[in-house]
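Data block below; observations after.
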Amino acid sequence: MNKKYRKPIIAGNWKMNMLCSQTKDFADELKPLLPKNRSSEAVLCVPYPLIGSVLKAVKGLRVAVGAQDVSIYDKGAYTGEVSAEMLADLGVKYCIVGHSERRAYHGETDAQVCAKAKKLLEHGITPIICVGETLEQRELDITMEWVSMQVKGAFAGMDGADVRKCVIAYEPVWAIGTGKTATAEQAQEVCEYIRGVVRKLYDARTARSLPVLYGGSMNAKNAAELLACPDIDGGLIGGASLKPADFSVIINAANEE
Ligand code: 13P
-19 MNKKYRKPII AGNWKMNMLC SQTKDFADEL KPLLPKNRSS EAVLCVPYPL IGSVLKAVKG
41 LRVAVGAQDV SIYDKGAYTG EVSAEMLADL GVKYCIVGHS ERRAYHGETD AQVCAKAKKL
101 LEHGITPIIC VGETLEQREL DITMEWVSMQ VKGAFAGMDG ADVRKCVIAY EPVWAIGTGK
161 TATAEQAQEV CEYIRGVVRK LYDARTARSL PVLYGGSMNA KNAAELLACP DIDGGLIGGA
221 SLKPADFSVI INAANEE
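This is how it looks when you write it as structure tokens:
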């Protein structure tokens, strides 16, 4: 982390877990475990139907609420879609786009990721843009090319000012939900590379201010080592964000860095 230039972000991704009826207990359990003076931003990206109840449950905890996807359309006849304007109207501050599960199961493309990120920016929501290679790609030694292509695709047509309002999450697909974490060296190497791609595309200021998170089996045990890396500015946490005790250990680790 480099707190001089970037605010650390610890974001939970609840994926398709939890119920409205469980959100108050989650927040009540989390509350006493949060550090008093916090130098990092804590976020919970939750399923759409839970947004209202999580917003209510975390009131006063300095925990922002995020969504996990957004429509590329503004409004109208798009059954099942949720617009960026609707999310902003609710009080959503962050939204994940291009998660590998959406890319894999819903065929989401870099062009769609880019369109979604732009819609979010129009409504003042911070896009958390996910990139990352599969195990096959890592073994073929094309991780950097792949991730660089995803970053360039997501930022297509954006100027530096837009990019400075985004967050990138590097999530190696092989580390998601598998219990296999990238080593701190592997994660740092790719996060540093991503910053280099942004420096070349834009400028040093934009690269320096862009938060790059790591995601993929980050947990209470390995968070401190990952967060100590100079180009890892936080985490996007799946499984461990469902347990207040584990999630708070990660938030505390970011605080101590
Ligand atoms: P896990 O932390 O469960 O591996 O999930 C990571 C992730 O996909 C966060 O978006």
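In the numbering used here, the protein residues as written are -19 to 237.
Don't be surprised by glycine CBs; every beta carbon is placed ideally from N, CA and C.
Which of the three DSSP states is assigned to residue i in this structure?
i           : result
residue 133 : helix
residue 149 : strand
residue 169 : helix
residue 25  : strand
residue -7  : strand
residue 122 : coil
residue 193 : strand
residue 115 : helix
For a quick check, are the C-beta atoms of residue i and residue j less than 8 Å apart?
i           : j           : result
residue 27  : residue 48  : yes
residue 186 : residue 219 : no
residue 96  : residue 77  : yes
residue 70  : residue 35  : yes
residue 37  : residue 73  : no
residue 22  : residue 45  : no
Pull up the distance between the alpha-carbon of residue i and that of residue j, whole angstroms please.
i           : j           : result
residue 201 : residue 164 : 13 Å
residue 169 : residue 204 : 17 Å
residue 112 : residue 15  : 31 Å
residue 84  : residue 114 : 11 Å
residue 161 : residue -17 : 24 Å
Q. Unbroken alpha helix (DSSP H) runs of length 4 or more, entirely within the stretch 31 to 84: which are they?
A. The qualifying runs are 31 to 37 and 64 to 70.
Q) Which full runs of the alpha helix (DSSP H) of 4+ residues lie inside the stretch 79 to 113, going along the chain? A) Complete alpha helix (DSSP H) runs here, min 4: 80 to 86 and 90 to 102.
Q. Does the stretch 212 to 221 come within contact of the stretch -16 to 3, defined as at least 3 CB pairs closer than 8 Å?
A. Output reads yes: the stretch -16 to 3 touches the stretch 212 to 221.
Q) Touch check for the stretch 152 to 160 and the stretch 129 to 144: three-plus C-beta pairs under 8 Å? A) Judged by Cβ distances under 8 Å, the stretch 152 to 160 makes no contact with the stretch 129 to 144, as fewer than three pairs qualify.
Q.
Any contact between the stretch 6 to 14 and the stretch 64 to 77? By contact I mean 3 or more CB pairs, one from each, below 8 Å.
A. Taking 8 Å as the limit for Cβ pairs, the verdict is that the stretch 64 to 77 does not touch the stretch 6 to 14.
Q: Pair every Cβ in the stretch 166 to 182 with every Cβ in the stretch 220 to 230, then say whether three or more of these pairs are closer than 8 Å.
A: Between the stretch 166 to 182 and the stretch 220 to 230 there are fewer than three C-beta pairs closer than 8 Å, too few to call the two in contact.
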